[in-house]
Each structure stands twice: as structure tokens, then as C-alpha cells.
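Student: One structure coming up, written as C-alpha cells, with questions to follow.
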Amino acid sequence: MANSESAAGQIRSGPARRIQLSAGGRGVTRVELFLDLVFVYAFLNVTNLMAANLHPEGLLQGAVVVLLLWRCWVSFTWLGNVVRLDRGLLPPIVFALAVTLLLIGVAIPEAFRDRPGGWPGPLVFVAGFLLARAGALLIMTYARWDIEHAPRPVRRAWLPVCASAPLLLGAALLPAHLPWNVEDLRLALFLIAAAVDYTGLRAVGQGNWQIRSVRHWAERHSLVVLIALGETIISVGISRGLAGGPPITWSVIGGSVQGIVVVAVLWWAYFDLAQPAAEQAMERISGTGRSVLGRDAYDIRHLPMIGGLVLLALGLKHALATTEPSTAHLWDRTHVLILYGGVVLYLLGLIGLERRTIRLLGRSPILGVLLLLTLLPIALRLPVLGVLGLLAAAVASMVLADLTLFGGRHRALHRAVEPGVRAAAAVTPKELFFDLLFVYAFIQVTVLLTRRPSVVGLVQGMALLVLLWWAWCCYAWLANVVRSEAAVVRLGMLVAAALTLVAGIAIPQAFDRVPGGLPGPLIFVTCYLALRVLHLGSFWLVTRRDPALHGQLRRAVVPAGAALVLLLCASLFIPAQEPITPVGTALWVTAVVVDLGGGYLVGPRSWQVRSVEHWTDRFALIILIALGEAVISTGVALGSRPMSGSVITAVLLSSILLAALWWTYFDRDAAAGQRALQTSTELRRATFARDAYTYLHLPLVVGLMLVAFGLRTTLAHVGSSSAAGPTALGHYTLFCGVIIYLLADQLIWARTRHQLRWRQVFGTLVVAALAPLTTPLPALLRLALLTAATVGLTVMSSAHT
Numbered sequence: 004m005a006n007s008e009s010a011a012g013q014i015r016s017g018p019a020r021r022i023q024l025s026a027g028g029r030g031v032t033r034v035e036l037f038l039d040l041v042f043v044y045a046f047l048n049v050t051n052l053m054a055a056n057l058h059p060e061g062l063l064q065g066a067v068v069v070l071l072l073w074r075c076w077v078s079f080t081w082l083g084n085v086v087r088l089d090r091g092l093l094p095p096i097v098f099a100l101a102v103t104l105l106l107i108g109v110a111i112p113e114a115f116r117d118r119p120g121g122w123p124g125p126l127v128f129v130a131g132f133l134l135a136r137a138g139a140l141l142i143m144t145y146a147r148w149d150i151e152h153a154p155r156p157v158r159r160a161w162l163p164v165c166a167s168a169p170l171l172l173g174a175a176l177l178p179a180h181l182p183w184n185v186e187d188l189r190l191a192l193f194l195i196a197a198a199v200d201y202t203g204l205r206a207v208g209q210g211n212w213q214i215r216s217v218r219h220w221a222e223r224h225s226l227v228v229l230i231a232l233g234e235t236i237i238s239v240g241i242s243r244g245l246a247g248g249p250p251i252t253w254s255v256i257g258g259s260v261q262g263i264v265v266v267a268v269l270w271w272a273y274f275d276l277a278q279p280a281a282e283q284a285m286e287r288i289s290g291t292g293r294s295v296l297g298r299d300a301y302d303i304r305h306l307p308m309i310g311g312l313v314l315l316a317l318g319l320k321h322a323l324a325t326t327e328p329s330t331a332h333l334w335d336r337t338h339v340l341i342l343y344g345g346v347v348l349y350l351l352g353l354i355g356l357e358r359r360t361i362r363l364l365g366r367s368p369i370l371g372v373l374l375l376l377t378l379l380p381i382a383l384r385l386p387v388l389g390v391l392g393l394l395a396a397a398v399a400s401m402v403l404a405d406l407t408l409f410g411g412r413h414r415a416l417h418r419a420v421e422p423g424v425r426a427a428a429a430v431t432p433k434e435l436f437f438d439l440l441f442v443y444a445f446i447q448v449t450v451l452l453t454r455r456p457s458v459v460g461l462v463q464g465m466a467l468l469v470l471l472w473w474a475w476c477c478y479a480w481l482a483n484v485v486r487s488e489a490a491v492v493r494l495g496m497l498v499a500a501a502l503t504l505v506a507g508i509a510i511p512q513a514f515d516r517v518p519g520g521l522p523g524p525l526i527f528v529t530c531y532l533a534l535r536v537l538h539l540g541s542f543w544l545v546t547r548r549d550p551a552l553h554g555q556l557r558r559a560v561v562p563a564g565a566a567l568v569l570l571l572c573a574s575l576f577i578p579a580q581e582p583i584t585p586v587g588t589a590l591w592v593t594a595v596v597v598d599l600g601g602g603y604l605v606g607p608r609s610w611q612v613r614s615v616e617h618w619t620d621r622f623a624l625i626i627l628i629a630l631g632e633a634v635i636s637t638g639v640a641l642g643s644r645p646m647s648g649s650v651i652t653a654v655l656l657s658s659i660l661l662a663a664l665w666w667t668y669f670d671r672d673a674a675a676g677q678r679a680l681q682t683s684t685e686l687r688r689a690t691f692a693r694d695a696y697t698y699l700h701l702p703l704v705v706g707l708m709l710v711a712f713g714l715r716t717t718l719a720h721v722g723s724s725s726a727a728g729p730t731a732l733g734h735y736t737l738f739c740g741v742i743i744y745l746l747a748d749q750l751i752w753a754r755t756r757h758q759l760r761w762r763q764v765f766g767t768l769v770v771a772a773l774a775p776l777t778t779p780l781p782a783l784l785r786l787a788l789l790t791a792a793t794v795g796l797t798v799m800s801s802a803h804t
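One gets the working numbering by counting positions in the sequence shown from 1 and adding 3 to each.
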């Protein structure tokens, strides 16, 4: 939405001088990615709404909620394309809107049927939706009102919201006063309101309602698809609940691997060709045509893809929960139709996208749709693992067809889009997909803490987190050295992602053996060993083409090999149904120390960074995704509670706390670290990359995982007047997580600028003092005091810096 290119980057005068209009050619900001993580949580929480009513009516309710959520997300996408949401006064406003979005996500299970004992859930959902829609439009109106010819399109954008608002409010309030079927009336009014709201998309391309940055537009849509794919995998991982107690069996592992194959192929189908080709098609045209194409190809044709992923997540969650003989009776034909229907809907959206942008009918997606429809009658007669295997085989045939049957045209299309793909220096989709899997494994550490709520369990969880972090750092460095989108590189990354998923499933049982299941310790260690061997093998393939890396490989093999041998021995010293032995504990501790210390044993030259932007963005994104997963922990903790004042307050306080932690790192430190790397000599750059990123970012992640666990356990007791008894571990874990995060941020600043921020040190001590002082207080008051102290520290430190 640009008036002209001369307006790019314009800063408003007068009271709005701190609202900056966006410049063309820029990408998605980290504030927007944080928003997308909250949006995707809301999208996937629709599965809980549909799971409660697995009938056509329940599925239609879920579809209507997806329509409303997508319309809200689209408004924020247009806003981000016009205004820099990470500049001036807008970040705190955006975080306030993120609180509203999280509240919408928590209220989704009550969007049509109110739970007793709280506030009216449908009204909370509608009020949050209208507040989010109005908030985006208010910022847009304020930012563009005094630009020539802008008021008329902006006013036109308000009309659908004003017309749909009475319908939504009527749907929330009116049925409660009627004697007949309230859900049918509510559904009808919601559906009409969504149809009215979508008429606002017709304004796109009219007047100055234009796309300003094609890169931002395409990247924002591809990221929401990518995050939705990653969260779909997470739904596979949590399909057996968050207690971590059910035994791990071969059927669970086999079903999980089949699930990730399906998701990986859908990822491949979009990012292999359709995504770069669509972006380049938009770049080739300008003006009204570009904006109309952006609306048709992205706002409209990405909607069925997101809807398909929601259905796929629902189907996979039920599939993986019914793989055992004791639960097989819960799997029926409805689940098969949901599972296959989700994939078909995704592929139909992909076909429409390619047809609208590059004027081609994608042969492999059409083949996939035809195969799924043909195999559906067979799948309806198979057990759950057979259904998953047939689905995985059908979608995998799409990739095989592109490499063989349709290989000529596929290679020609690749050659056409390759120059634009090679020019990109940022984090690639396959890397972000991989990072989402690792964050899932990080979150599984909090499940281990829930299962073993003790100091010993805390130490064990941190040991696993260190190992996972070190494996991720090794892959992050390798991706920085090898900038390739070749099929073999993607395949290797997907294998690593599958190993990470299985390791994550085993994490809650990594230190004991559950009767009736496979040995959790051996599963985790085997997957971790395979991950590291895959990394070292990929490293060896790189050294064949780059002799300068030979010495680095030899130095890296020694500590990695020693740590892997120690871990394998440790897994064998855990007897069945007994605590870990002292010998096993010693082996675990030694393995962690050796593996983590390997970064110094190999020397600083082994950490040479070839792309500073890629390296810093990769670490910033893993912190950002970890923050997003902490937001999801809040939603999970409160999702089963009736809407009430205490629940809304808890959402508000936890969101403000996480926003303050985001600001602590991203306001100054992330940019300062990138500048330090760019201005350093080669050897100092390698040393700084190792110290400030691979080592000092680890406690940031540790702190966020502890915060996620602390929020989950603390918010489970919101509204209780009891003392610290049942939530003592969660209380201290939450405070310790914040303290560790703040101290790590201070250490990163000290390593970057060689000075301490004494105000932040003092503020961290205040937070530490609050931990024991607040234990007698109710859970919500503890959270309020912690949030107030963290926000005060952030504001004080930011103003001084």
C-alpha cells in the first residue's frame, strides 16, 4: 500500500512523527514474526474446538473461526507492509495487540459454546477479534490520513468492520436470550459476518491501496505457512498429552515418522518452487496489477492452505493418539476423512497459487490430489498406521514424480527461479523449519520437568537442553558455511528434523524406562548420536570441496566422538523401573561437559562465520521462536479454564512479561552483536561468534524454557488462594528463568561492549529478592509483581542505553 516510492521510509510530522512508513524491498520484522507465532497458536487451537464436536457442524464452526482469524491476520499483514511496526511508538502497541490475539486463541474453544462458571466465552472471543481488527485499522488510519488521496481507501476499509461488528456482537449476545438452538444461530451469524468482512479485500488495488514491498508481502505469507507446518509437527509430538507418561512403542515412533514425512513433503511442495516463483511473478509487475495479484495469490489462495494444515493437525493428533491396541477403537472414518481432506485442501490451494501466479497447473500437486482421492476408499478400511503409511506414500510420490516423470519441466522451472533464490542471504525456510523442530524438543524438556518435579529433574532437564543446543549450534554453523538449496541438502535437513522429533518424543523418559515401552534413554541417545553423525558426515562432504576445513573436522570429531561414547554407555546404565545410577549420572555429566567444551577444544578458527547477517538472524530467530513457544505455554495452561477475570488477567500479565523479555534482547543487544561481528577482524569475529552466540545465547534459551515451565505450572493455579505448596517449584522456576535470561543478556552486552549495565544488574538483584518474598502470595499476585519488576527494569535499562 504505497502512495509512491518517494514516500518510502517517510516519517510522519506532528504528533505522529514516531510512526514510520515502510520502505520498499524490506523483509519481515521480528515483531511481526512474534505476532505470527501467536496467530498460529490461535489457528491450531481451532483443532481443540473441532475435536470437541467431530461432526459436520463442529467442522463448520472451525472453518468459520479460521476465516475470521485469517481475515484478522491479513489486516496485520497489510499494516506491516505500510508501517514499520518495529519503530517508534508501535512496538508496545503491537505487543498490546498480541495480548488480544492470545486472548482470542485461549477463547476459541468457547467461541460457540460457553463453559459454565466464567464470563461468556463467545463475547470474549468476539470482543478480542473486533479489538484486534480495529487496532490494526486505527494504526493504518493514523499513519496515512494526511497523505494525498489516502483517506478515501482507508475509510472504505472501515466499512466491512462496521457492518460485521453488529452481527458478531449479536451472535455473542442474542442466542443466550432465545429458547431454541443457540449454536446454529451463532454459527449462521458468524458466517454472515465473515462474508461481509471479506468484502473489504475488494479495496485492494484501488487508489493508493497498493503493496509497498513485494519481499515483505511474500515473506510474511510464506512464514505463516512455515510456522503452521512446524506447529503441525508439534501437534504430532504432543498427541499423547503433555504428561510424558505413556510408554513409547514402535507404533508411536513409526506413526510419528510417517507424520513428519507428510508434513515435510507439503513443505517441499510449497517452498521448492511455488513460493519463489510466486514472489518473482509479483516482482515482474507493478502498480494495481501487483496488488491485485498479491490479494488473489496470497490473501485468498493461501487461506485453503492454512485451513488444510489445521485439518491435518487435527487428524495427526488423533492418529498418533490411537496407534496402540487399547486406543484403536477411537479411530474411525471421520478421522480418515479429516486427515486426507486436510492434505487435499492444502494441495488445492497450492494448485490455485501456481495457476494464478505463473499460469501453470502444477502436475505433481494434481497427481497428489488424484492419488489421495483414489486411495481414500482403501484408507477407510485400514488401521491407523496403514492410513498414515498410505498418506505418506501418496504425498511422497509427488516429489518422486517431480524428479522423474515431470523432471524436464521441473528442472526448467527451477532454472528460471534459481537466480533469485541464490541471491537471498537470510535464513532459509528449511532452516526455520528445522529450528521449529528443535524448539519442540526444547519444550519437551519442560514436560520432563513436569514429570519429575524436583531439583534432580531440573538438572536432568538442563543437561538434555545443553545437548540439544549444542547439536543445533553445530547445524547452524554448517548452514552458514554451506549455502545450498540442493535436493540432497534439503533431504539431509529433513532426516535431521525427523531424528529431532523422535528424540523430542523420548525426552520425558530420557532418564527412566516406562513398563511396556521401549527404553527412553536409549531412544534419545540413539537419535542424538545419529544427529551428530549426520552433521559430521555432512561436514566431511564439505571438506572434500574445501581443504581449509580439513583441520576443523579432525578437531571436531574428537570431543564429539568421546561425548557420544559416554552417552551411549550412560544409557545402558539406567536399569528398568529404577532411578539412574551414580555411574550413569557421572557419565551423563561428563558427556555434557565434553560435548559443550568441544567448542573451545577445536579452537576459534573453527567458528569462522561466512555470513554475519545469516549467523545473527539464525540466533535471533531461535530466541524469538522460544519466546513464541513460551506464549503457547500460557495458552496451554489456560486453555481448559472457563473465561474469567483471573484468566484474562493472567493472559495480560504473562504476555507483558514475555514482551519485556523480548524487548530486553531485541531493543539493543541483537543489533549491537551484529555490528560487533561486522566490524571485527577475522579471528576476533570467530571468537566473538563462539563466545557471544554459541555459549552466551544458551542461558537465554535455558531461561526461556524455565519461564515456559514456570508459567505453565503457575497459571494452572491462577485464582487459588493457597500458599506456595503445590506451585513452589513452578514459582521458583519462573523467577529463576527470568533471572537467568536477564543475566545472560547482561553477559552478551558485556562481551559485545566490554562494559556492564549496572542498572540492569541492580534490577536483576531486585527480581531475585522478590522470589522468596512473594512465595506466600497468591499465584496471580506473584506473577503481577514479577511482571512489574521486569518491565521496570527493561524500561530503565532501555532509557539509559
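No residue lacks a Cβ here, since even glycine has one placed at the ideal position from N, Cα and C. Please read all numbers here as calculations on a predicted model, not as lab measurements.
By Cβ distance, which residues of its chain are closer than 7 Å to G728, with the 5 residues on each side in sequence left out?
Tutor: For G728, the predicted structure reports a pLDDT of 43, less than 50, and the residue's modelled location is therefore unreliable. The matter cannot be settled from this model.
Student: Of the choices G257, R205, G344, L340, whose alpha-carbon is the least far from that of L296?
Tutor: Ranked by Cα distance from L296, the options G257, R205, G344, L340 are led by R205.
Student: Counting pairs of beta carbons, one from the segment 481–490 and one from the segment 530–546, are three or more of them closer than 8 Å?
Tutor: yes
Student: Taking the alpha carbon of G257 as the reference point, which residue from L504, T431, P163, Y44 has its own alpha carbon closest?
Tutor: Ranking the options by Cα distance to G257, first place goes to L504.
Student: Output the distance between the C-alpha atoms of T449 and M708, rounded to the nearest integer angstrom.
Tutor: So the two alpha carbons sit approximately 7 Å from each other.
Student: What does the alpha-carbon distance come out to for the pair F527 and Q512?
Tutor: 9 Å
Student: What does DSSP give as the partner residue(s) for L2 in the beta ladder?
Tutor: The structure shown does not extend to residue 2, since the chain is modelled only from 4 through 804, so no value can be given for it.
Student: Less than 9 Å separating the beta-carbons of W473 and D670?
Tutor: no
Student: At the level of alpha carbons, what is the spacing between Q506 and A231?
Tutor: Inspection of the sequence shows that residue 506 is occupied by Ala rather than by Gln. Straight-line Cα distance between these residues: approximately 21 Å.
Student: So that I know if they touch, is there some Cβ in chain C lying closer than 9 Å to that of Y478?
Tutor: Absence of chain C from the displayed structure is noted, only one protein chain being present.
Student: Is there contact here, the segment 621–633 with the segment 492–502, by at least three beta-carbon pairs under 8 Å?
Tutor: no
Student: Looking at F193: is its Cβ nearer than 9 Å to the Cβ of F115?
Tutor: yes
Student: So E685 packs on Q758, CB below 8 Å; how close in whole Å?
Tutor: That pair is no contact at about 24 Å.
Student: Along the chain, which unbroken stretches of the alpha helix (DSSP H) at least 4 residues long are found entirely within the segment 398–454?
Tutor: For the segment 398–454, the full-length alpha helix (DSSP H) segments reaching 4 residues or more read 410–426, 432–454 along the chain.
Student: Counting C-beta neighbours from all protein chains within 10 Å, is the total for D515 16 or more, i.e. buried, or is it exposed?
Tutor: buried
Student: By how many angstroms is the C-alpha of G65 removed from the C-alpha of M53?
Tutor: Approximately 6 Å between the Cα atoms of the pair.
Student: Are the segment 104–119 and the segment 136–147 touching, with three or more C-beta to C-beta distances below 8 Å?
Tutor: no
Student: Measuring CB atoms only, is the segment 169–178 touching the segment 42–53, in the sense that at least three cross pairs come out at less than 8 Å?
Tutor: no
Student: Counting C-beta neighbours from all protein chains within 10 Å, is the total for V710 16 or more, i.e. buried, or is it exposed?
Tutor: buried
Student: From which residue to which residue does the alpha helix (DSSP H) around D598 run?
Tutor: 585–604
Student: Got a sec? Which residues, its chain only, sit under 6 Å from G352 by beta carbon, not counting five neighbours each side?
Tutor: R304, P307, M308
Student: Below 6 Å CB to CB, which residues in the same chain sit around L718 once its five sequence neighbours on both sides are set aside?
Tutor: A640, L641, A653
Student: Please report the straight-line C-alpha distance between V560 and R547, rounded to a whole angstrom.
Tutor: 16 Å
Student: Sort G345, I341, V260, L750 by Cα distance to Y698 and report the nearest one.
Tutor: L750
Student: Do you know offhand how far T197's Cα is from Y273's?
Tutor: Note that residue 197 corresponds to Ala in the displayed sequence, not to Thr. A197 and Y273 have their C-alpha atoms spaced approximately 27 Å apart.
Student: If you count every other CB in all the chains shown that lies within 10 Å of the CB of C165, and 16 or more means buried, which is it?
Tutor: exposed
Student: Start and end of the alpha helix (DSSP H) containing H720?
Tutor: No alpha helix (DSSP H) contains H720, which DSSP labels as neither H nor E.
Student: Assign Y744 to one of two classes, buried (16 or more other C-beta atoms within 10 Å of its C-beta) or exposed (fewer than that).
Tutor: Around the beta-carbon of Y744, 16 or more other beta-carbon atoms lie within 10 Å, marking it buried.
Student: Tell me whether T797 sits in a helix, a strand or coil according to DSSP, three-state version.
Tutor: helix
Student: Which runs of the alpha helix (DSSP H), 4 residues or longer, sit entirely within the segment 244–277?
Tutor: 253–272
Student: Between the C-alpha atoms of N6 and W161, what's the straight-line distance to the nearest angstrom?
Tutor: For N6, the predicted model reports a pLDDT of 39, less than 50, meaning its position is unreliable; a value from the coordinates is still stated below. Near 19 Å, if we compare the C-alpha coordinates of W161 and N6.
Student: Taking buried to mean at least 16 other C-beta atoms within 10 Å of its own C-beta, is A792 buried or exposed?
Tutor: buried
Student: In or out: L784 buried (at least 16 other Cβ within 10 Å) or exposed?
Tutor: exposed
Student: Over the uninterrupted alpha helix (DSSP H) stretch that includes T667, give me the two end residues.
Tutor: 648–669
Student: List the whole-angstrom C-beta distance separating I251 from G523, where the pair is believed to meet the contact cut-off of C-beta under 8 Å.
Tutor: Right, the Cβ-Cβ distance comes to about 6 Å (below 8 Å), so this counts as a contact.
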